[in-house]
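Written below as structure tokens is the structure these notes are about.
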Amino acid sequence: MSKQSILYSADVARVAMKASGADYKIVEIDLKNKPEWYQPKINPASKVPALWYDAPRDADATAPPPGTFILPESALIVDFIASVYPDLQFKDPITRAKGALMALQYEAVSKAWFAYSVMSDGGSGKELDDFLNAVREFTPFIPEEVVKSDDYGVADIMIAPFMTRIFEFSRREAYPWNEKSGETVLSALSADEFKQFRAYHDKLAKWDALQSTVDCDKNTEYMKKHMGEMKARFKK
1 MSKQSILYSA
11 DVARVAMKAS
21 GADYKIVEID
31 LKNKPEWYQP
41 KINPASKVPA
51 LWYDAPRDAD
61 ATAPPPGTFI
71 LPESALIVDF
81 IASVYPDLQF
91 KDPITRAKGA
101 LMALQYEAVS
111 KAWFAYSVMS
121 DGGSGKELDD
131 FLNAVREFTP
141 FIPEEVVKSD
151 DYGVADIMIA
161 PFMTRIFEFS
171 RREAYPWNEK
181 SGETVLSALS
191 ADEFKQFRAY
201 HDKLAKWDAL
211 QSTVDCDKNT
221 EYMKKHMGEM
231 KARFKK
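Read left to right, the sequence shown gives residues 1 to 236 (the UniProt record's numbering).
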């Protein structure tokens, strides 16, 4: 019987599976209301995503047999998939190394964006400055050969879902702290010093593996609802 992989949902891992050309199916997991079987059967830490590699095609995704290999954590899953499907990596080893360094440096942008969009009381002032500084420090690590290449690699997988959210959520004003939080970000990022950052985003945004696996409408709806709940709690 032929086999397939089962991915318990997450955007980064979805992109990796799609880009690899692997035979797989998605099991959606509601992060706020995980099914009872998920923690004991799939991931004792209850975190998403997780990957059941090479599962029988008729497997019950809710009840893997004892001893089944299930891999948690996005970065580990992407690295594993890249080892099985080497075409996921940039062909040139120097470009691959530069990409890995870029992905590592992007973590600071993610943290600053979270502080601006989620933790601040309106997306302004210090949080915005911190975010822009993080982008400013990250931009020199974006290799020109990655931006101009038609190829995509593991570094792109690790960054794409998050970097594109900055622009998509800002265009859609997904943050309810004030009516122009997103407009403020887009205006700031239009400066010439962020030209390379925008160019890299534009490359990622047109990637089929991203477009076909990440639902911006669904993510925006979730974000607006989540942020609205947070705003209501802060006002109490």
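C-beta: ideal position from N, C-alpha, C; glycine also.
DSSP-derived helix/strand/coil call for residue i
{"i": "A134", "result": "helix"}
{"i": "K218", "result": "helix"}
{"i": "M223", "result": "helix"}
{"i": "S83", "result": "helix"}
{"i": "S110", "result": "helix"}
{"i": "residue 272", "result": "The question about residue 272 has no answer, for the chain in this structure spans 1 to 236."}
{"i": "A45", "result": "coil"}
Distance, residue j Cα to residue i Cα
{"i": "A160", "j": "H201", "result": "8 Å"}
{"i": "T139", "j": "P86", "result": "27 Å"}
{"i": "I157", "j": "P65", "result": "30 Å"}
{"i": "S149", "j": "D129", "result": "31 Å"}
{"i": "W52", "j": "I6", "result": "5 Å"}
{"i": "E73", "j": "V48", "result": "7 Å"}
{"i": "D58", "j": "A75", "result": "27 Å"}
{"i": "T62", "j": "E137", "result": "44 Å"}
{"i": "Y8", "j": "K25", "result": "9 Å"}
{"i": "V12", "j": "W113", "result": "17 Å"}
{"i": "F69", "j": "S187", "result": "47 Å"}
{"i": "K18", "j": "W207", "result": "11 Å"}
{"i": "L71", "j": "A45", "result": "12 Å"}
{"i": "R14", "j": "F194", "result": "28 Å"}
{"i": "R171", "j": "S20", "result": "30 Å"}
{"i": "P41", "j": "D215", "result": "Correcting the residue identity first, residue 41 is Lys in this sequence and not Pro. Approximately 27 Å between the Cα atoms of the pair."}
{"i": "E3", "j": "A22", "result": "According to the sequence shown, residue 3 is Lys rather than Glu. Spanning the two alpha carbons is a distance of roughly 11 Å."}
{"i": "D217", "j": "D30", "result": "16 Å"}
Residue span of the beta strand (DSSP E) that contains residue i, given as start and end
{"i": "V27", "result": "24–27"}
{"i": "L4", "result": "A quick correction: the sequence has Gln, not Leu, at residue 4. Its beta strand (DSSP E) spans residues 3–8."}
Span of the alpha helix (DSSP H) around residue i
{"i": "L210", "result": "208–211"}
Residue-level contact to chain D via CB, residue i, 8 Å cutoff
{"i": "I26", "result": "Looking at the structure shown, chain D is missing, and only one protein chain is on hand."}
Answer yes if the region 86–99 comes into contact with the region 128–140, meaning at least three C-beta pairs across the two stretches below 8 Å, and no otherwise.
The region 128–140 vs the region 86–99: no contact.
Entirely within the region 52–77 and at least 3 residues each: give me those beta strand (DSSP E) ranges in chain order.
70–72
Would you be able to state if there are at least three C-beta pairs under 8 Å between the region 103–113 and the region 78–87?
no
Along the chain, which unbroken stretches of the alpha helix (DSSP H) at least 4 residues long are found entirely within the region 130–197?
DSSP runs (the alpha helix (DSSP H)) wholly in the region 130–197: 144–148, 154–171, 181–189.
Can at least three beta-carbon pairs, one atom from the region 166–174 and one from the region 30–48, be found at a separation below 8 Å?
By the Cβ criterion, the region 166–174 is not in contact with the region 30–48, since fewer than three pairs of Cβ atoms, one from each stretch, lie closer than 8 Å.
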